[in-house]
Structures are given as C-alpha cells and as structure tokens.
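I have placed the structure first, in the form of structure tokens, so that the comments after it can refer back to it.
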Amino acid sequence: MKRLLSFFLLLLLGPFSQANASLLPANEAFQLNAQIVEDKVELTWSIASGYFVVKESIEISTAESNQLGASIFPQAIPTVDAFLGSINIYRGEQSVVLPISSENTSDLALSVVFDGCADLGICYPPITKNITLSTPIKTQVQVVSEAPALDSSATAEPSTQVSLLQAGGPLPADEAFNLDVIAIDEKTLNVRWLVHKDYYLYKDKISISVEGASIANIAYPDATLKNDEFFGQVSIYDRPIEVLLSLANISSGKVTLSIEYQGCWKGGVCYPPQQANYSISLPGSERNNVAVDPESDIEAPTNSLPAAFEQMNNEELTAQELFQKGGLALFIGAFLAGLALSYTPCIYPMVPILSGIIVGQKDSPSTLKAVLMSLAFVLSMSIAYGLIGATAGYFGAGVNIQAILQTPWVLVLFGLIFIFLAFSMFGYYDIQLPKKLQSKITQISNKQNGGSFIGVAIMGFLSALIIGPCVTPFLATALSYVIADGSATKGAIGLFAMGLGMGVPLIIICGWGINALPKSGLWMETVKHVFGVLMLAVALYLLDRIISPFASLALWASLLTIAPIALGAITPLDKQSSSWRRIFKAVNLIVLGYGILLWLLVARGGGDMHQPLADWDYNANNQTVQSIDFELLQSEEQLDRLIANTQGSDNLIVLKFYADWCVSCKTLERKVFSDREVIKNLDNALALTANVTDNTEANKSLLARFDIAGPPAILFFKNGKEARSQRIIGEISAKDFLKRLKSI
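In terms of this note's numbering, the sequence shown opens at residue 3 and continues consecutively.
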C-alpha cells in the first residue's frame with residue numbers, strides 16, 4: 003500500500019513542476035505614457051492582464067513643488083493582499099490627472115514611482131519613470147476666487163457659474179460626484195455616490211422619484227453636520243455613500259429614477275443642482291406588483307462601498323460574507339452550503355464508488371465498519387477539498403489542482419482503474435496486495451479486498467479531485483475570495499467544511515443503507531454485479547470529458563444494452579421466482595429498452611441521450627438537432643473590441659466558459675443551448691465561447707479577469723459593460739436562463 007501511495011503522490015505532484023509561469027518584464031507589464039491635454043498632465047498606465055499597480059505606492063514629483071496641482075486618481079479596486087494587507091489596486095488602463103499650475107512656464111520634469119505585482123503573488127521592486135514634457139503656451143482662464151452665494155431652495159441657481167477650465171479648480175460635477183444605480187433584488191434599489199476627496203453633497207438636496215413604482219422607504223446613511231457659510235448648519239456627505247430604496251406597487255420589469263442632488267468643492271465653489279435619469283431593469287421582473295410593507299425598515303448601509311461596483315447575486319454574497327467573517331461562522335456556513343450541494347448532481351458519482359468498495363468485501367461488513375469506512379471516504383474527500391482551498395489561498399489563481407488533474411492522461415488512467423475495479427466486482431479476479439506487504443499490515447487491512455480504510459481514504463481523496471466538485475456560485479465565489487484574500491487557512495477551513503457537508507448523505511446511504519441489503523446468498527452476488535456496472539458507468543463518466551459526443555453515445559448505448567442482458571433481462575423466470583426477482587427483471591427490461599433507444603440515436607448520427615425521442619418528427623419529417631453556434635473567443639483583446647462595439651447600443655454579447663472535461667458544460671449544451679426558446683431569444687445576440695480546457699496562462703488570465711474559479715460560467719455584456727447581477731455560475735435550466743436573459 004505504501005508503494006501505491008507513493009505512486010499516487012507522484013501522479014499528483016508531477017504536473018506542479020510546470021505550474022510556475024514566466025513573468026513579463028516590468029516595462030511590458032506596466033507601460034506608462036504621459037501627455038499634456040488642456041493644461042493638465044495625463045499619466046496613463048497600460049497594465050497587462052494578470053498584473054496590477056498598487057494605488058498607495060504611486061508617488062509623483064516635479065523639480066519645482068508649485069508646478070502641478072493635486073493629483074486626481076481614478077476609482078481603485080479595494081482588495082486584501084496576503085503580504086501588503088488592505089490596499090487599493092488598478093488593473094487594465096488607468097489615468098491619473100494633474101492640473102498644471104497657471105504660474106508654470108517651464109518644462110515639466112516628472113518623476114513617477116510605483117509598485118506593481120503579478121496575480122501569481124510576486125511583486126516587482128519599486129519602478130521609477132523619469133519623464134520630461136514641454137509645457138504649451140497657456141491662454142487666460144477665468145478663476146473663481148470665492149464661492150457664490152446660493153439660494154436655500156433646491157432649485158435655485160447660483161449667482162455665478164462654476165468655471166471648469168480654471169487651473170487646479172473643481173472637477174466637473176459628474177466626476178466630483180460619481181453617481182451609479184443598481185438593482186439589488188426585485189424590490190430594492192441602491193443609489194450610490196462616489197464622492198471625490200475635497201467635495202461634499204448636501205443631504206437635504208438629494209431628491210429621488212420613481213416612475214413605474216412607488217417608494218415604500220428610503221434609508222440614508224448617517225450624515226456629518228457642517229457649519230456651511232452659505233446654508234448655515236447642514237448635513238453633508240463627504241465620503242462615498244449608498245442610499246437604499248424599497249419599492250412597492252411595481253407595474254413592470256423596469257422603473258425610471260429621477261435623481262436630483264447638489265454639492266460643493268471645499269475650495270470654495272458650489273455646483274448648480276444636478277439632475278440624472280436612470281432606467282433600471284429589476285431582477286425577477288416576471289413578478290409584478292411586488293408587495294412591500296411601507297413601514298418595514300431597511301438597514302442603512304455602511305460608510306464604505308463594496309469591493310466592486312457590480313452587484314453579486316445572493317449566493318455569491320453569502321459566500322463572500324462567510325469567508326470575510328472566518329472562524330466558526332465560516333465552518334458552519336460552509337458545512338450547510340455543502341449539505342445543500344449534496345442534493346445536486348455533484349455528489350451522484352460518489353455513491354457507486356463508495357458503495358461498490360463496501361459491497362466488494364468478501365465478508366459483509368458490520369454497520370459500524372460500513373459507517374467508519376464511509377467516514378474515512380468523506381474525511382479524505384473533505385481533505386482534498388481543503389487542499390484545493392489552501393492551494394487557491396496560498397498560490398492564487400496560478401495553480402489549479404483540478405484543472406491539472408483534468409488532463410486526458412489522468413482521466414484515461416482513472417477510467418481504466420474503475421474498469422479494473424468493475425471486473426473485480428464481476429468475479430474475474432480478486433484485488434490483493436503482494437504477500438510480503440499483506441503480512442505487514444494484516445491487522446489493519448485484512449488482505450485489502452477493496453474495503454480497507456486506507457484504500458477507501460485514497461479513493462475518497464482522488465474522487466474529490468478528479469470527479470468533483472461541481473463549480474457552483476458558492477464554490478466559485480469562495481475560491482475567488484481566498485485567491486484575492488491570500489488566506490490559505492480560510493480556504494482550507496471553508497472547503498473542508500463544505501466537503502463534510504457534501505459527505506453527510508454518503509455516510510447515511512453507504513454506511514447504513516448498504517447494510518440493509520441481504521448479507522449472503524446469490525442475491526449478494528447480483529448486488530456486486532450491479533455495482534460493477536455502476537463502476538463501468540463511472541469510468542465512462544470520466545472518459546465522457548475527453549471523447550466525442552458520438553463516441554460517448556455509442557459507449558453508453560453499449561453499456562445499457564449489454565449490462566441488462568448480462569444481469570438477466572432476457573433470462574426466463576420459473577414459477578418459483580420471488581417477487582424481488584421479477585421486479586429486478588422488469589427494471590433490467592426498462593434499462594434495455596432505453597439502451598435500444600440510444601442505438602437508434604447512434605443510427606441517426608447523434609442526439610440527446612437524456613431525451614432520445616425529443617427531436618423525432620412523427621409526421622415523417624425528421625428535424626435536425628439545433629443548437630446555438632458559438633464563436634470561439636481567440637483573445638482578451640478580441641473580447642475588449644467586441645464589448646466596446648456594444649457601447650450606445652442594445653446589442654447583447656453572451657460569453658460562455660467551457661472545457662472538454664467539464665460535465666456540467668455539456669449538460670448546459672444539451673439542456674439550455676439546444677432549447678428552441680433559448681435559440682430564438684439569442685438569435686440577435688453575439689454568442690462567444692471561451693474554451694479553457696487547457697490550463698494555459700491565457701486561460702488562467704481570462705478566468706482571473708472575471709473572478710471565475712472554473713467552468714461552466716455564462717456572462718452577459720450590454721452597452722459596453724457586464725450585466726453582473728445576471729451572471730450564471732454552474733448549471734441552470736432553460737427556463738431560468740430565459741428569466742435571466744429577459745431581465746437584462
């Protein structure tokens with residue numbers, strides 16, 4: 003067994019020698035360009051995918067201190083780094099603007115220092131760029147030296163207009179008070195202002211009205227009292243804020259918001275009242291006239307904005323909150339999430355594996371031993387999940403154990419192992435260790451006939467890595483959080499607890515359920531043969547990921563016709579046959595009939611094995627099986643161009659993440675993208691597929707860009723940005739897919 007363990011450890015560790023990716027040179031990963039535009043210096047970083055710049059590290063200086071005004075930074079992404087702690091980062095293309103002093107007439111000699119890092123967990127030494135820019139001849143601009151007096155009414159105009167051209171003066175209103183509105187759910191809206199430093203909003207100047215619904219309640223965050231020279235003592239917001247609206251009497255799936263607000267620059271200038279209109283699609287818009295208690299309270303938001311402006315769906319938020327809390331709350335929450343996952347198809351392949359190992363013993367195990375064997379399987383399975391979480395937290399997105407173990411040679415190897423186990427169940431041979439090794443561990447394993455605790459533990463560990471788990475919203479968000487947080491401990495605890503939750507039904511079914519079967523006689527031999535067939539099904543389940551759909555269909559047809567015949571589907575019964583024997587034969591005949599239907603699909607050239615009669619035309623006109631024609635995405639640059647082309651239009655882009663080894667991806671192809679209604683509704687959309695079968699750097703970069711742990715995932719882009727709230731992780735039905743699609 004030690005040799006066997008060593009062999010499996012070598013299989014697991016071998017691919018990691020190629021996991022480290024080569025880093026780009028600093029001047030390629032972080033390209034910096036500078037230019038002067040309208041009396042302002044624009045510093046633009048072009049940051050390569052998979053890299054980021056730390057905002058707090060950016061230092062900009064000139065030879066003379068009075069040449070430039072205060073730097074204006076774009077919105078950064080808050081994150082938690084394992085080594086740097088809580089930081090703000092920039093990705094993609096970002097620009098910092100510095101106003102040029104009106105007194106400056108000489109050329110500008112800039113020194114820019116910043117820190118850059120790779121997502122793999124490696125940071126570069128501080129990067130210094132020295133830039134010289136020629137200052138253009140300036141024209142005179144109007145400078146507002148003191149603040150204008152404002153009328154106290156919300157609609158009053160200031161006596162003097164704000165000059166947006168003054169050097170070092172105020173920002174445009176839409177930049178000083180960046181306004182955004184999102185729908186949290188079908189009855190709650192979040193109105194958010196990203197108030198720039200040195201600016202503030204008046205609380206009593208905020209006015210919100212809604213068309214298409216009524217406002218049941220508005221929750222404002224706590225304001226700060228200020229003695230304003232124009233309005234006296236007023237309540238202001240000089241920080242980013244969120245205002246939550248509870249809606250009632252919703253008449254349709256869309257509502258229109260009219261928002262008015264007014265604010266000032268602390269430098270002594272106040273803006274005219276601002277007005278903005280937003281048309282918002284509500285999630286779950288098929289539920290009209292949602293009733294809301296007008297007296298119900300909405301919890302006021304905290305003073306900080308979320309890590310990203312895009313909203314997450316409820317399951318993603320739950321996972322993120324749990325991993326932020328950590329400790330006992332994380333363990334219990336992840337355990338309950340795993341328990342919920344156990345009722346999905348994620349756990350199904352584990353049942354025949356563990357049951358087959360228990361049944362495969364020569365001597366029927368006691369209930370206690372069956373439960374202990376099930377516990378060993380579940381614990382080792384949970385340890386494997388914990389290893390995935392710890393690896394994600396420690397190494398980040400650069401190392402993906404599951405993706406490494408989904409390579410064809412690994413899947414073929416384990417497919418052959420399950421075939422080998424199946425024929426052992428059929429009685430062709432017994433699985434035993436060499437006699438010398440048997441004698442050393444006789445007291446532990448009793449000849450290792452498929453039922454030792456060590457063997458069960460190994461099989462549980464490998465089954466978790468190779469056969470599961472499914473990528474669900476909870477798991478995907480959990481992995482994304484630990485990658486960003488860099489916490490190997492949280493990753494290990496969370497996914498270990500999730501594995502325990504998933505294993506509870508296994509312990510019940512295989513620990514107690516199997517022991518309810520008869521303990522001896524010909525019946526037990528039949529049970530072993532059935533589990534042998536299930537082992538063959540598991541082998542085919544693995545090979546399904548790397549073979550063509552037609553070959554898969556032919557193999558399933560073979561298994562589901564040969565197996566029932568071998569188990570007695572066409573063997574005559576005598577008068578003394580028991581009722582159970584007759585029921586068993588009836589089940590075999592049903593399976594045989596299904597297998598024959600699959601052979602008809604093979605004869606047609608293919609089809610959906612889960613609905614073998616769905617595409618037959620009984621009016622004698624066969625219809626071809628239709629599906630959406632997805633265009634293969636070649637690069638992130640291509641995606642960026644296509645997304646940019648949707649700006650200002652209603653054109654929709656659907657991006658699907660797919661892998662050959664992803665069973666859930668093939669389920670989506672069969673159940674969703676072959677559905678006639680889905681095809682009809684996506685007729686005018688641009689359908690793209692990102693094939694991430696190979697764990698290449700480009701694929702890892704694309705997954706990391708959208709914080710996706712693995713396929714399947716479906717993203718929607720409209721008007722130049724992702725509809726984040728409608729993102730789909732894992733499997734979904736055609737009906738629910740259409741609901742998401744119509745709410746975009």
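Here a beta-carbon is modelled for each residue, glycine too, at the ideal position from N, C-alpha and C.
{"query": "Exposure label - His198; buried when at least 16 CB within 10 Å", "result": "buried"}
{"query": "Euclidean distance between Cα positions of Ile238 and Tyr204", "result": "5 Å"}
{"query": "Proximity below 8 Å, CB of Val1 to CB of Ala706", "result": "Only positions 3 to 746 of the chain appear in this structure, which leaves residue 1 out of reach."}
{"query": "Option nearest Leu356 by Cα separation, candidates Ala556, Gln77, Ala386, Cys512", "result": "Cys512"}
{"query": "Inter-residue Cα distance where the pair is Ser629 and Glu671", "result": "8 Å"}
{"query": "Alpha-carbon spacing of Leu502 relative to Val380, whole angstroms", "result": "6 Å"}
{"query": "Sequence-distant residues of its chain with Cβ nearer than 6 Å to Gly388 (five each side left out)", "result": "Ala494, Leu497, Phe498"}
{"query": "For Leu191, the three-state DSSP class (helix, strand or coil)", "result": "strand"}
{"query": "Status (buried if at least 16 other CB within 10 Å, exposed otherwise) for Leu227", "result": "exposed"}
{"query": "For Cys125, the residue or residues it bridges with in DSSP", "result": "Cys119"}
{"query": "Sequence-distant residues of its chain with Cβ nearer than 7 Å to Leu743 (five each side left out)", "result": "Asn683"}
{"query": "Rounded C-alpha distance that separates Thr698 from Gln264", "result": "50 Å"}
{"query": "Rounded straight-line distance, which links the Cα of Gly457 to that of Phe463", "result": "10 Å"}
{"query": "Neighbourhood of Ala175 by C-beta distance below 6 Å, restricted to the same chain and skipping five residues each side", "result": "Tyr273, Gln276"}
{"query": "Straight-line Cα distance separating Ile509 from Leu246", "result": "45 Å"}
{"query": "CB contact flag (Ala36, Leu45, <8 Å)", "result": "yes"}
{"query": "Nearest candidate by alpha-carbon position, reference Met375, set Ala336, Ala459, Phe428, Glu262", "result": "Ala459"}
{"query": "Ala169, DSSP secondary structure in three states", "result": "At Ala169, the pLDDT of 37 sits below 50, so the modelled position is not reliable; the number obtained from the coordinates is stated separately. DSSP places Ala169 in coil when its eight states are reduced to three."}
{"query": "Range of the contiguous alpha helix (DSSP H) that encloses Lys744", "result": "736 to 744"}
{"query": "Nonlocal neighbours in the same chain, by C-beta distance under 8 Å from Lys42, ignoring five residues either side", "result": "Val99, Leu100, Pro101, Ile102"}
{"query": "Burial state of Ser161, where buried means 16 or more other Cβ atoms lie within 10 Å", "result": "With a pLDDT of only 33 at Ser161, under 50, the local geometry of the prediction cannot be trusted, and the value read off the model is given with reservation. That one is exposed."}
{"query": "Helix, strand or coil at Cys667 [DSSP, three-state]", "result": "helix"}
{"query": "Residues near Phe675 in its chain [Cβ-Cβ closer than 7 Å; skip 5 each side]", "result": "Ser629, Ile630"}
{"query": "Closest Cα partner of Ile730 within the set Pro128, Arg678, Ala715", "result": "Ala715"}
{"query": "Same chain only: Cβ atoms within 6 Å of Phe552, ignoring 5 sequence neighbours per side", "result": "Gly608"}
{"query": "Beta-carbon proximity list for Gln163, same chain, < 8 Å, skipping 5 on both sides", "result": "At Gln163 the pLDDT is 34, less than 50, meaning the model places this residue with poor confidence; the figure from the coordinates comes in the next sentence. If we look at Gln163 and ignore the five residues flanking it on each side, its Cβ neighbours are Pro274."}
{"query": "Arg583 versus Ala185 - alpha carbon distance", "result": "58 Å"}
{"query": "Helix, strand or coil at Asp182 [DSSP, three-state]", "result": "strand"}
{"query": "Distance between beta carbons of Val257 and Gly757, contact taken as under 8 Å", "result": "Outside the displayed range of the chain (3 to 746) lies residue 757, so it cannot be described from this structure."}
{"query": "Pro566 classed as buried or exposed, judged by whether at least 16 other C-beta atoms fall within 10 angstroms", "result": "buried"}
{"query": "Of the listed residues Ser382, Val529, Leu555, Leu415, nearest to Gly429 (C-alpha basis)", "result": "Val529"}
{"query": "Three-state class that DSSP yields for Tyr430 in the structure shown", "result": "coil"}
{"query": "Closest by C-alpha distance to Ala588, when choosing among Ile572, Trp601, Leu602, Leu603", "result": "Ile572"}
{"query": "Completely contained beta strand (DSSP E) runs for the stretch 189 to 256, where each covers 3 or more residues", "result": "190 to 197, 201 to 204, 209 to 213, 216 to 221, 226 to 230, 234 to 239, 243 to 250"}
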